[in-house]
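No gaps in the numbering here: position 172 of the sequence shown is 459 in the numbering used here, and each next residue is one more.
Beneath this line is the structure, given in structure tokens, with notes to follow.
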Amino acid sequence: MSQTAPAAPGAPATQPAEKKEEGSFLWFLIKLVVVVLLFRTLVFTSFSIPSESMMPRLLEGDFLFAAKWPYGYSRASLPLDVDLFDGRVPDGMPERGDVVVFKHPLDRTDYIKRVIGLPGDQVQMIAGVLHLNGEPVGKDRIGDLLVRVRPQGRCAAQRFAERAGDGTLTCRYPQYRETLPGGRSYAVLDFGPAGGNNGYAIDPDNTPPVLVPAGRLFMMGDNRDNSQDSRFPAEPGGGVALVPVENVVGRASFLFFSTDGTAEWVKPWTWFSAARWQRLGTAI
């Protein structure tokens, strides 16, 4: 009876073995894609801060994770904003004072602001002081915010500009501690009446009272004189008016990276020197 001779040492692998390895790698890639999609759909999504509207808590160049599960899931929670269902499942509501990522009501771009008014609340700004349900919110002066000017950047006004000891141009902004009913507190920037308008058609320091209806949220940026939020009518790339709860993507959780903008692609060492290492892992 004839027998198949064993393969000689050093002979190339058989074709079935090669196909098995290719199939295993392809299956690994499929599983990896599924895991990433599930993670981004159900757990966290990433967001980068593109402006100064949430200073002092968040700086331009910060990168953060937003948790999706605290308020339930909606169309806004899904990758690519896929329109599969209406409302939130389960039906969750942010708390007053939460920092949330949400979709703009008109152009569906991602924004990040602080929740100030819940359904049933009346919100108004009077002479730069936030009023909730007819009562002024506590506002106490604290130490100034010093922030380094990013490349090609500038301070909100010349009076805020100064040079640090090493010659770096910095901005010194007046900072306040705002305390909501129930004790939730956070820092805000307020440039005063002279710095309030910034060319806006609406004075953000003095607004009419707004009653937040069911299913809506009143959002504001912590940089009160440089944030187009619920104080402004909704327009693409601008104000957001009252935001539908179902537009909320998730609750801002913590920073995973931050850069001061001085990095250059052609100089790899600046990728490290530009990082704000002390901000990494900071809770929001």
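Beta carbons are placed, not taken as given, at the ideal position from N, Cα and C, and that holds for glycine.
>> Looking only at its chain, what residues have a beta carbon closer than 7 angstroms to the beta carbon of I489, apart from the 5 residues adjacent to it on each side?
In response: In the sequence shown, counting from the first residue as 1, residue 489 sits at position 202. Cβ within range, chain order: R518, F519.
>> Quick check on the DSSP output: the beta strand (DSSP E) that includes S545 runs from which residue to which?
In response: Residue 545 sits at position 258 when you count from the first residue of the sequence shown. Per DSSP, the continuous beta strand (DSSP E) segment holding S545 begins and ends at 535 to 545.
>> Quick check on the burial criterion: 16 or more other C-beta atoms within 10 angstroms. Buried or exposed for G537?
In response: Along the sequence shown, read from residue 1 onward, the residue named residue 537 stands at position 250. Buried: at least 16 other Cβ atoms inside 10 Å.
> If you compare alpha carbons, which of G548, L346, G374, A561 is closest to L476?
Replying inline: One-based indexing of the sequence shown puts residue 476 at position 189. Of the listed residues, the one whose Cα sits closest to L476 is L346.
> Of the residues L456, R437, G452, Q439, which one's Cα is nearest the Cα of R446?
Replying inline: Counting from one through the sequence shown, the residue named residue 446 turns up at place 159. Here the closest residue by C-alpha is L456.
> Does DSSP put Q439 in a helix, a strand or coil?
Replying inline: The residue given as residue 439 occupies position 152 in the sequence shown. The answer is coil: DSSP assigns Q439 none of H, G, I, E or B.
>> Taking 8 angstroms as the limit between beta carbons, can you name the residues of its chain near D368, skipping five residues before and five after?
In response: Counting from one through the sequence shown, the residue named residue 368 turns up at place 81. Here the set comprises R362, K390, R395.
>> Which of the three DSSP states is assigned to I431 in this structure?
In response: Taking the sequence shown and counting its residues from 1, the one referred to as residue 431 is at position 144. The sequence shown places Asp at residue 431, not Ile. Residue state, collapsed to three classes: strand.
> Among D509, A539, L467, V436, which one has its Cα closest to the Cα of A561?
Replying inline: For the purposes of this step, residue 561 is identified with residue 274 of the sequence shown, where counting begins at 1. When only C-alpha atoms are compared, the closest one is V436.
> Is any heavy atom in the ligand GTP found nearer than 7 angstroms to the beta carbon of L529?
Replying inline: Here there are no bound small molecules, and the ligand GTP is not part of this structure.
> In terms of DSSP beta bridges, what is Q411 paired with?
Replying inline: To locate residue 411, count along the sequence shown from 1; it is residue 124. Secondary-structure assignment with DSSP links Q411 through a beta bridge to H418.
>> Rounded to the nearest angstrom, what separates P406 and P491 at their Cα positions?
In response: Taking the sequence shown and counting its residues from 1, one reaches residue 406 at position 119. Taking the sequence shown and counting its residues from 1, one reaches residue 491 at position 204. Roughly 21 angstroms between the two C-alpha positions.
>> Can you look up N484 in the DSSP assignment and give me helix, strand or coil?
In response: As a first step, residue 484 is located in the sequence shown; it is residue number 197 there, counting from the start. Residue placement at N484 is poorly supported in this model, since its pLDDT is 49, which falls under 50; the coordinates still yield a value, given next. Coil at N484, not helix or strand.
> Are there three or more Cβ pairs, one per stretch, closer than 8 angstroms when the region 348 to 357 is compared with the region 530 to 548?
Replying inline: In short, these stretches touch, since the Cβ pair count reaches three.
> Which whole runs of the beta strand (DSSP E) in the region 470 to 536 are 3 residues long or more, in chain order?
Replying inline: Complete beta strand (DSSP E) runs here, min 3: 472 to 476, 503 to 507.
> Taking the Cβ atom as the reference point for each residue, do E465 and V530 lie within a distance shorter than 8 angstroms?
Replying inline: Along the sequence shown, one-based indexing puts residue 465 at 178. Along the sequence shown, one-based indexing puts residue 530 at 243. The answer is no: Cβ separation not under 8 angstroms.
> Taking Cβ positions, are G524 and M341 nearer each other than 8 angstroms?
Replying inline: If you number the sequence shown from 1, residue 524 lands on position 237. If you number the sequence shown from 1, residue 341 lands on position 54. Cβ atoms of G524 and M341: not closer than 8 angstroms.
> Is it the case that the Cβ atoms of R428 and I403 are separated by a distance below 8 angstroms?
Replying inline: On the sequence shown, residue 428 is found 141 positions in, with the first residue counted as 1. On the sequence shown, residue 403 is found 116 positions in, with the first residue counted as 1. Contact: no.
>> In the DSSP output, what is F331 paired with across the bridge?
In response: The sequence position of residue 331 within the sequence shown is 44, counting from 1. BP columns for F331 point to A354.
> T457 lies in the beta strand (DSSP E); which residues open and close that run?
Replying inline: The residue you call residue 457 lines up with position 170 of the sequence shown. It spans 456 to 466 - the beta strand (DSSP E) in which T457 sits, taken as one unbroken run.
> Would DSSP call D453 helix, strand or coil?
Replying inline: As a working mapping, residue 453 is identified with position 166 in the sequence shown. D453 falls in the coil class under three-state DSSP.
> Hey, how far is the Cα of P392 from the Cα of G454?
Replying inline: By 1-based counting over the sequence shown, the position of residue 392 is 105. By 1-based counting over the sequence shown, the position of residue 454 is 167. Those two C-alpha atoms are separated by around 43 angstroms.
> Between Q409 and V497, what straight-line distance do the alpha-carbon atoms span, to the nearest angstrom?
Replying inline: By one-based count along the sequence shown, residue 409 stands at place 122. By one-based count along the sequence shown, residue 497 stands at place 210. When rounded, the distance between both Cα atoms is 5 angstroms.
> Could you give the distance in angstroms between the alpha-carbon of V527 and the alpha-carbon of P343?
Replying inline: On the sequence shown, position 240 is the one that residue 527 refers to. On the sequence shown, position 56 is the one that residue 343 refers to. Approximately 21 angstroms, taken between the alpha carbons.
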